[in-house]
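Numbering (our numbering), first residue to last: 833 to 1167.
Right, here's the structure in full:
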């Protein structure tokens, strides 16, 4: 595909002309014309993150804020690095120069290829077109210098659905729940003093004949001060999937409410020095939309709780609010 800029000097704006199979004598050449009020923004795939539900979050940056006519998309195909057939498209959301798109979960163990592009056509128009038309209805694109981007869906032994830690009576009690597969061997409980280097503290065997199980482990000799914990779900082949990291403060006093985003659809909420009672935890988008809500019965002990939410798919600022016992705590997070 070739792209040509046509500038209307009477009323300055840009038209991008995309041509495929161009030949002077060919009356069947395909083309696309995209109107933008200024030069189209360049688009770059900056990173990708595999989410807890198997989807792939693609982070995208643009050279400037796109015009209202410019839409940002990710086009993908499972198994084959060829976009002439059987492709899918997802539209990115965001604002300014930061955008995200979610590729839905693909076949486990297979490779999925994708690239990022912009177009003046809507998602409905693109989906109604042919594969060949999709390839030319492009303003700007990033296809990794022609190689396209790719990732491999792993055979994950578990999906963590709950994870929390609480300091009580000089110990740290860890609790977690997971949806398990036959590929799971056991769990390893790991601790760190810097959230980087972890060492194993305990091992818990998988419960037999259960697809969803609840587990606990108690660290009877926690380190003084701040410690970090995570759970490694070890597969039968030795590979592991890790839970999010939680932070437990073993010495600091005072009241504290903090939230840390993992960037994969999970949030670690720390409650320290907060009185016993029933609380409502809510996550609200910038537009005021409630995207997550959970009731928490707090026993008064210092704890960290991991929140799993598949409802947060757009890059942006969110507010986390903890309300109850005539108290309100809140913190902004950037996802």
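For every residue, glycine included, the Cβ atom is placed at its ideal position computed from N, Cα and C.
Can you tell me where the beta strand (DSSP E) holding residue i begins and where it ends?
{"i": "residue 1093", "result": "1088-1093"}
{"i": "residue 971", "result": "Note, residue 971: premise wrong, no beta strand (DSSP E); not H, not E."}
{"i": "residue 1118", "result": "Premise fails: residue 1118 is in no beta strand (DSSP E) and is neither H nor E."}
{"i": "residue 891", "result": "888-894"}
{"i": "residue 923", "result": "920-923"}
{"i": "residue 951", "result": "943-951"}
{"i": "residue 873", "result": "Run containing residue 873: none; DSSP gives neither H nor E here."}
{"i": "residue 1058", "result": "1058-1067"}
{"i": "residue 1072", "result": "1072-1074"}
Is DSSP giving residue i helix, strand or coil here?
{"i": "residue 1050", "result": "strand"}
{"i": "residue 1027", "result": "coil"}
{"i": "residue 1159", "result": "strand"}
{"i": "residue 1001", "result": "coil"}
{"i": "residue 1038", "result": "coil"}
{"i": "residue 881", "result": "strand"}
{"i": "residue 913", "result": "coil"}
{"i": "residue 903", "result": "strand"}
{"i": "residue 937", "result": "coil"}
Quick one: give me the first and last residue of the alpha helix (DSSP H) that residue i is part of.
{"i": "residue 1100", "result": "Here residue 1100 belongs to no alpha helix (DSSP H); instead the beta strand (DSSP E) covers 1098-1104."}
{"i": "residue 967", "result": "963-968"}
{"i": "residue 1023", "result": "Run containing residue 1023: none in the alpha helix (DSSP H); it sits in the beta strand (DSSP E), 1016-1024."}
{"i": "residue 959", "result": "955-960"}
Would you please state the rounded distance, in angstroms, between the beta carbons of residue i and residue j? I believe it to be under 8 Å.
{"i": "residue 948", "j": "residue 908", "result": "In fact, because the Cβ distance is near 10 Å, the residues do not count as touching under 8 Å."}
{"i": "residue 1198", "j": "residue 997", "result": "The chain is shown only over 833 to 1167; residue 1198 falls outside these bounds and no answer can be derived."}
{"i": "residue 889", "j": "residue 880", "result": "6 Å"}
By Cβ distance, which residues of its chain are closer than 7 Å to residue i, with the 5 residues on each side in sequence left out?
{"i": "residue 918", "result": "909"}
{"i": "residue 1049", "result": "1006, 1021, 1034, 1036"}
{"i": "residue 1106", "result": "1087, 1089, 1130"}
What does a CB cutoff of less than 8 Å around residue i pick up in its chain, not counting 5 residues either side in sequence?
{"i": "residue 1038", "result": "1012, 1016, 1017, 1018, 1019, 1045"}
Residues in its own chain within less than 6 Å of residue i by CB, not counting five upstream and five downstream?
{"i": "residue 1032", "result": "1020, 1022"}
{"i": "residue 1091", "result": "1099, 1101, 1152, 1163, 1165"}
>> Whether or not the segment 969-988 and the segment 925-941 are in contact is what I'm after, with contact meaning three or more pairs of Cβ atoms, one per stretch, closer than 8 Å; do they touch?
In response: yes
> Any chance the segment 1104-1116 sits against the segment 1124-1142, with 3 or more Cβ pairs inside 8 Å?
Replying inline: yes
>> So, does the segment 993-1011 touch the segment 1057-1071, judging by three or more C-beta pairs under 8 Å?
In response: yes
>> Quick test of the definition: if touching needs 3 or more C-beta pairs under 8 Å, does the segment 865-879 touch the segment 898-908?
In response: yes
> Do the segment 872-879 and the segment 887-895 make contact, defined as three or more Cβ pairs closer than 8 Å?
Replying inline: yes
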